[in-house]
Structures are given as C-alpha cells and as structure tokens.
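When you line the sequence shown up against the working numbering, it's residues 4 to 158, in that order.
Here a beta-carbon is modelled for each residue, glycine too, at the ideal position from N, C-alpha and C.
Reading through the structure tokens given below for one structure.
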Amino acid sequence: MFEIRKPPSPLDAVSPSRSVFLAGSIEMGQAEDWQTSVANSLCDLDLTVLNPRRDEWDASWEQSIHNPNFREQVEWELAAQERAGTIVMYFSPATTAPITLLELGLFARSGKAIVCCPDGFWRKGNVEIVCARYGVPMVETLGDLSESVRSRLAT
Numbered sequence: 004m005f006e007i008r009k010p011p012s013p014l015d016a017v018s019p020s021r022s023v024f025l026a027g028s029i030e031m032g033q034a035e036d037w038q039t040s041v042a043n044s045l046c047d048l049d050l051t052v053l054n055p056r057r058d059e060w061d062a063s064w065e066q067s068i069h070n071p072n073f074r075e076q077v078e079w080e081l082a083a084q085e086r087a088g089t090i091v092m093y094f095s096p097a098t099t100a101p102i103t104l105l106e107l108g109l110f111a112r113s114g115k116a117i118v119c120c121p122d123g124f125w126r127k128g129n130v131e132i133v134c135a136r137y138g139v140p141m142v143e144t145l146g147d148l149s150e151s152v153r154s155r156l157a158t
C-alpha cells in the first residue's frame, strides 16, 4: 500500500524498510514542489513517503526552539529521517538549500541517503565531495532519483 505522511502525522507505524523521506529544497515554499513529483513517480510501490512539506505551513512562525509549531516541524523532520530506510535529498539549483546541506551532514554516514544535485547548484562541488567520501549515491535528475529509490527497494 502506498501512503504519504506529512507533519505532524504520527510516525510510530512507519516501516523503516519501506519508507522514504523527501529531504531537499523547500525554502519557505519558494522551491518547486518536487516532492509531489517524486512521490507520484513511486505511487505504484508498497511504500510510505515522508514528505516534510507541511500543508498548513505558516511562514510567519518564528524559527525558534521556543515556538512550539516550528519546533514540532523540525522535530518531526528529524524523527522521520531517523526512522526512514531511505532519505532522498534534492538540491534545486534555484535555491541555496541550507537545511538540506545540514541534513546531508547529519545523514551522509548513515547509508540511507541518495542525493540529486543537478548542475547549477551553488555548492555542488561540496555535495559531490561529501557524497564521494561517504559513498552516497548521487544522481543528476529527479527521474534518476526515483529510479535509484526503486533500485534500492528492490534489493
């Protein structure tokens, strides 16, 4: 069964071996909604997609540990990445993706990451070096990213 979960939905029933977290460019809604495209490309699989693009996001929320809504969002994202069997990371060339760079640093050694970093991303060289050093598969297109997820789940 295919399912998409977004914050703040519970994660306790999510199977790590059949789940994918969609880390990557959002930048307060400025990035294209690539998460929907990738999720739709995987909808024929028995899979839970963990999509951090919250439906009721409020850009006026103060980004502070003291803001309960913001803290709930960030903690959900961290817990979802820890639980997921696969973490895909997309670095859109139209964004700077500071949080995704942070997440790559957190999860590069986990063995769970697959990265899509097209030409034009402002720190592509850094991403390439981290991926090469820690054996993180890296692809150029969102289509290749979806195929990499399918390949990983088939093994």
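Taking residue 53 and residue 87 to be in contact with their CB atoms under 8 Å, please state how far apart those CB atoms are, rounded to whole angstroms.
6 Å
Does the Cβ-Cβ distance between residue 111 and residue 90 come in under 7 Å?
no
Can you name, in chain order, every residue of its own chain whose Cβ lies under 7 Å from the Cβ of residue 151, other than the five neighbours on each side?
117, 140 and 142
With a cut-off of 7 Å, does the C-beta of residue 44 fall near any C-beta of chain B?
Checking the listed chains, one finds no chain B in this structure; it contains a single protein chain.
Is the beta carbon of residue 109 closer than 7 Å to that of residue 92?
Taking 7 Å as the cut-off, the beta carbon of residue 92 is found no closer than this to the beta carbon of residue 109.
Does the contact criterion of 3 or more C-beta pairs under 8 Å hold for the region 49-67 versus the region 119-135?
no
Does the structure place the region 66-76 close enough to the region 34-53 that three or more beta carbon pairs sit under 8 Å?
no
Environment of residue 138 [buried if 16+ CB atoms lie within 10 Å]:
exposed
Could you check if residue 167 is buried or exposed, using at least 16 other CB atoms within 10 Å of its CB as the buried criterion?
Because residue 167 is not part of the residues shown, which for the chain are 4 to 158, the question remains open.
Along the chain, where does the alpha helix (DSSP H) containing residue 109 start, and where does it finish?
101-110
Rounded C-alpha distance that separates residue 127 from residue 95
Looking at the two C-alpha atoms, the distance is approximately 10 Å.
Just checking my contact of residue 83 with residue 34 at CB under 8 Å: how many whole Å lie between their CB atoms?
Incorrect: roughly 18 Å between the Cβ atoms, too far for contact.
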